[in-house]
Amino acid sequence: MSATEREAAELHEKSRLPEKAELAKYYHQMLAIRRMEEALAKAYALRKFGGFLHLYIGQEAVAVGALATLKPEDYVIATYREHAHAYAKGMTAKSIIAELFGKATGCSQGLGGSMHLFDASKNFLGGYGIVGGHIPLAAGTAFASKYRGDGRVTLCFFGDGSVPQGAFHEGVALAALWRLPVVFICENNLYSMGTPLYRSLSVSDVSQKALAYGMARDRFDGEDVVRVRDRVAEAVRRARNESLPTLIEIRTYRFRGHSMSDAGLYRTKEEVEESKKRDPITFGRELLVRAKMDEKDIVAIEDQVTAEIEEAVKFADESPELAYERLAEFTYKE
Amino acid sequence: MAEMNLIQAVNDALRVEMRRDPRVVVLGEDVGRFGGVFQVTVGLREEFGADRCIDTPLAESGIVGAAIGMALYGLRPVAEIQFGDYIYPAYDQIVNELAKIRYRSGGEYAAPVVIRTPIGGGIKGGHYHSQSPEALFTHIPGLTVVCPSNPIDAKGLLASAIRGEDPVIFMEPKRYYHKSRADVPEGEYTIPIGEAKVVRSGSQVTILTWSAMVHTALEAAQKGEAEGLDLEVVDLRTLVPFDEAAILASVKKTGRVVIVHEAPRTSGFGAELAATIAEKAILHLEAPILRVTGFDTPFPYTLEHEYLPDADRILDAVGRVLSF
Ligand SMILES: Cc1ncc(C[n+]2csc(CCOP(=O)(O)OP(=O)(O)O)c2C)c(N)n1
Ligand SMILES: [Mg+2]
Chain A
2 MSATEREAAE LHEKSRLPEK AELAKYYHQM LAIRRMEEAL AKAYALRKFG
52 GFLHLYIGQE AVAVGALATL KPEDYVIATY REHAHAYAKG MTAKSIIAEL
102 FGKATGCSQG LGGSMHLFDA SKNFLGGYGI VGGHIPLAAG TAFASKYRGD
152 GRVTLCFFGD GSVPQGAFHE GVALAALWRL PVVFICENNL YSMGTPLYRS
202 LSVSDVSQKA LAYGMARDRF DGEDVVRVRD RVAEAVRRAR NESLPTLIEI
252 RTYRFRGHSM SDAGLYRTKE EVEESKKRDP ITFGRELLVR AKMDEKDIVA
302 IEDQVTAEIE EAVKFADESP ELAYERLAEF TYKE
Chain B
876 MAEMNLIQAV NDALRVEMRR DPRVVVLGED VGRFGGVFQV TVGLREEFGA
926 DRCIDTPLAE SGIVGAAIGM ALYGLRPVAE IQFGDYIYPA YDQIVNELAK
976 IRYRSGGEYA APVVIRTPIG GGIKGGHYHS QSPEALFTHI PGLTVVCPSN
1026 PIDAKGLLAS AIRGEDPVIF MEPKRYYHKS RADVPEGEYT IPIGEAKVVR
1076 SGSQVTILTW SAMVHTALEA AQKGEAEGLD LEVVDLRTLV PFDEAAILAS
1126 VKKTGRVVIV HEAPRTSGFG AELAATIAEK AILHLEAPIL RVTGFDTPFP
1176 YTLEHEYLPD ADRILDAVGR VLSF
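Quick note, the sequences are listed as chains A and B, same order.
As numbered in our numbering, residues 2 to 335 make up the first sequence, in order.
As numbered in our numbering, residues 876 to 1199 make up the second sequence, in order.
Right under this line is the structure:
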């Protein structure tokens, strides 16, 4: 590379980089999600709540980067591994943690728990525990946006494990047929529970499914929050401006087990350790260093996050228990 | 005899039947290398190979549909659905294909498939890991529905289900997977499908129940004994076909009936039992038939212990039929 070429490349790199403030926001969100889930894991170990807990640790750049492209009125719908998407859509750590603790102050009134985070005011359409079941719903919300002409986009997240499900194909087929403003994001973390990708799909490139439906597609690695944002932004533009769906496959990795009870016997320690070298949080911090943010300002973000999560746990701890009278309240409209 | 919990007993039944009959294959999500989410299929892949203990992708409709095809071809598939709550994507295959193929083909074809799935709450699993959908299958002619409560019945009934000629929905009480332990007969062992069991005999009130609630009913009966009550507990074990003779015999003896199930009340299987008793033994009844059930709400997360019938709720109903 000649000196001028290098200069041009650097200049390009610079123009590509967003404002320091944007990067700081992403770092804050990713770190808060990480610390929130670490706090949840700790609370779970202390038996403050039970049931199932699926951590997103390792995948944070996907939710944060993808949601950075949205307007508040856009919709997001996700799986049971949805704490991050909820937070990145603007829900507070308080309302999320309280929901997991089953408290009346939780975002779903304590009636749902970990896999059932909802917030209509943020257009967060929730977590869904039936794998693949929510994908046709995304076609429905996108249809409604198109019908109303309100310019909203739906982002639908799911794992590689959803792809063999009928509901995945039915939802995607409708979106393509009806030219709906939706972006389907497959967070391919290479495993569905104990099943590695190669034993669940005959073609490992998930994005190829788009070809059969005549849909735009994209495929890339998900540890860099800026890359995620920029690539998803393309698809969001396509949805918003041309009312066309896109299927995106983002390669990522979950550092923790499928849920808290997973002994992880289906993958090696080395593989997990290797993947941690591409930690999106470390990467996000590096972006700030490269953008010449002062170390003390970065530490200030980190302190802020620590305080935010401590306060949220305290809030959830001190919140009132769900009253017995509420057992039936939302089965039907009263 | 060997002491086993419910998981080990189901595993043993699968192993024995697979040794006995090369047509028996097991399929489902993570049943092979992983041994199943509840470890029910541990060791089967090692003993019988990947062709007979088949890891499938996440696709319940595909799993059940493929099992039907295998059975049409003469195999004896035992499909695992990880949780009863995930059986719904396969419901169409079960209701429209599996249940009807013998009838629809005038007996040309049959699909002796067994679908095993854990049901019920009590593990803080919330909406998607706690449901008790048995009644949705009892309403489908062509299906046999088996709901064992303990390791011995689980082993014997599963073996019978696998050897049978028609499809069986086999629902296991996940709350008692570890907690329920018993001395289980080793080797080949079957219990006929369709026979109830009086698990505690008593003279005052008949408690009809199945699956996890058998344990709760027994707890209630024990508690009641301290208060001078003499309660009979009947474990139905099989819902379709259910053991009408055993039920009526108990009802005629006690004249008072409390039905206990974990599923919501409306259109629960308790309604079918109550109707049958009213049709066939109404003059033997000393009091209305009462039901103690889950509520007509989705299975709750936080309030699960308020939702689940417990000994006190059962004893309350017992008190009401006795004082009627
Ligand atoms: C219909 C259905 N079948 C099975 C399950 C059990 N289950 C929950 S998550 C999961 C694996 C999903 O993997 P993937 O879609 O890749 O998402 P990830 O957990 O990797 O985020 C399975 C089998 C379920 N929740 N729903
Ligand atoms: Mg996955």
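Glycine residues also receive a C-beta, built at the ideal position from the N, C-alpha and C atoms.
Checklist entry - Buried or exposed: where does Leu1158 (chain B) fall if 16 or more other Cβ atoms within 10 Å of its Cβ makes it buried? => result Counting of Cβ neighbours within 10 angstroms places Leu1158 (chain B) among the exposed residues, the total staying below 16.
Item to check | Gly134 (chain A): CB within 8 Å of a non-hydrogen atom of ligand 1 | outcome: Yes - ligand 1 has a heavy atom lying nearer than 8 Å to the Cβ of Gly134 (chain A).
Checklist entry - From Pro1048 (chain B) to Ser1024 (chain B), what does the alpha carbon distance come to, in whole angstroms? => result 6 Å
Checklist entry - Do three or more CB pairs link the stretch 1071 to 1085 of chain B to the stretch 1131 to 1143 of chain B at distances below 8 Å? => result yes
Checklist entry - Leu889 (chain B): which of B:Glu1119, B:Ala1029, B:Gly949, B:Gly996 sits nearest, CA to CA? => result B:Ala1029
Item to check | Under the three-state DSSP convention, the category Asp1185 (chain B) falls into | outcome: coil
Item to check | Buried or exposed by the 16-neighbour rule on C-beta atoms within 10 Å, applied to Thr1141 (chain B) | outcome: exposed
Next on the checklist: Report the start-end ranges of each beta strand (DSSP E) in the stretch 952 to 1006 of chain B that is 3 residues or longer and not cut off at the edges.
Outcome noted: 989 to 994
Checklist entry - Which residues, in chain order, sit with a beta-carbon under 6 Å away from any heavy atom of ligand 2? => result Those residues whose C-beta sits under 6 Å from the nearest heavy atom of ligand 2 are, from N- to C-terminal order along the chain, A:Gly160, A:Asp161, A:Gly162, A:Asn190, A:Tyr192, A:Ser193.
Item to check | With 16 other Cβ atoms within 10 Å as the buried cut-off, status of Lys90 (chain A) | outcome: buried
Item to check | alpha helix (DSSP H) runs contained entirely in the stretch 264 to 325 of chain A, provided each spans 4 or more residues | outcome: You should have 270 to 276, 281 to 291, 296 to 319.
Next on the checklist: Contact defined as beta carbons within less than 8 Å: I believe Val227 (chain A) pairs with Leu288 (chain A). What is the distance between those atoms, to the nearest angstrom?
Outcome noted: 7 Å
Item to check | Ala1096 (chain B) and Val1108 (chain B) closer than 9 Å at C-beta | outcome: With respect to Val1108 (chain B), Ala1096 (chain B) sits close: the two C-beta atoms are nearer than 9 Å.
Checklist entry - Residues bridged to His1159 (chain B) by DSSP? => result Answer by DSSP bridge pairing: none, since His1159 (chain B) is not bridged.
Item to check | Residues, ordered as in the chain, of the stretch 886 to 912 of chain B that lie near chain A by beta-carbon distance below 8 Å | outcome: Result list: Glu904, Asp905, Arg908, Phe909, Val912.
Checklist entry - Got a sec? Which residues, its chain only, sit under 6 Å from Ser936 (chain B) by beta carbon, not counting five neighbours each side? => result Pro964, Ala965, Gln968
Checklist entry - Quick one: what does DSSP say Thr366 (chain A) is sitting in, helix, strand or coil? => result A query on residue 366 (chain A) cannot be resolved here, the shown segment of chain A reaching from 2 to 335 and no further.
Item to check | Cβ-Cβ distance between Val154 (chain A) and Ala240 (chain A) below 9 Å | outcome: yes
Checklist entry - How would you list, in chain order, the residues of chain B whose beta-carbon sits under 8 Å from the beta-carbon of Met116 (chain A)? => result Near Met116 (chain A) (Cβ distances below 8 Å), the residues of chain B are Gly1001, His1002, Tyr1003.
Checklist entry - Do you know how far the Cα of Pro281 (chain A) is from the Cα of Met92 (chain A)? => result 21 Å
Checklist entry - Taking 9 Å as the CB-CB cut-off, is Thr1081 (chain B) touching chain A? => result no
Checklist entry - What residues from chain B crowd round Val132 (chain A), counting only those whose CB sits closer than 7 Å? => result Leu933
Item to check | beta-carbon His55 (chain A) near ligand 1 non-hydrogen atom, thresh 8 Å | outcome: yes
Checklist entry - In terms of residues, what are the limits of the beta strand (DSSP E) holding Val1073 (chain B)? => result Val1073 (chain B) -> beta strand (DSSP E) spans 1072 to 1075.
Checklist entry - Once you ignore the five residues that flank Ala1192 (chain B) on each side, which residues in its own chain have a CB closer than 6 Å to its CB? => result Val1133, Leu1165, Val1167
Item to check | Whole-number beta carbon distance between Gly141 (chain A) and Phe81 (chain A), since they are thought to touch under 8 Å | outcome: Inspection of the sequence shows that residue 81 (chain A) is occupied by Tyr rather than by Phe. Wrong, their Cβ atoms sit about 20 Å apart, outside the cutoff.
Next on the checklist: Using 8 Å as the cut-off, can you tell me whether the stretch 1099 to 1108 of chain B makes contact with the stretch 1145 to 1159 of chain B, which would need three or more C-beta pairs spanning the two stretches below that distance?
Outcome noted: no
Checklist entry - Does ligand 1 have a heavy atom nearer than 8 Å to the CB of Leu933 (chain B)? => result Indeed, a heavy atom of ligand 1 lies less than 8 Å from the Cβ.
Checklist entry - Near Tyr76 (chain A), which residues of its chain fall below 6 Å by C-beta distance, leaving aside the five closest residues on each side in sequence? => result These residues qualify, in order along the chain: Asn124, Leu126, Thr142, Thr155.
Checklist entry - Going along the chain, which residues of its own chain have a beta-carbon closer than 6 Å to the beta-carbon of Ala99 (chain A), five neighbours each way excluded? => result Within its own chain, the residues whose Cβ lies closer than 6 Å to the Cβ of Ala99 (chain A), once the five positions on either side in sequence are excluded, are Thr106, Gly107, Ala317, Ser320, listed in chain order.
Checklist entry - Taking 9 Å as the CB-CB limit, is Phe125 (chain A) close to chain B? => result no
Item to check | Same chain, Cβ closer than 7 Å to Ile310 (chain A), neighbours up to 5 away in sequence not counted | outcome: Ala33, Arg36, Met37, Ala40, Ala94
Checklist entry - Is Asp225 (chain A) helix, strand or coil when you go by DSSP? => result coil
Checklist entry - Does the stretch 1055 to 1065 of chain B come close enough to the stretch 876 to 895 of chain B to have 3 or more Cβ pairs within less than 8 Å? => result Enough Cβ pairs lie closer than 8 Å, so yes.
Checklist entry - Quick check: the stretch 895 to 909 of chain B against the stretch 185 to 196 of chain A, are there 3 or more CB pairs under 8 Å? => result Yes, the stretch 895 to 909 of chain B is in contact with the stretch 185 to 196 of chain A.
Checklist entry - Where does Pro137 (chain A) sit, in a helix, a strand or coil, going by DSSP? => result helix
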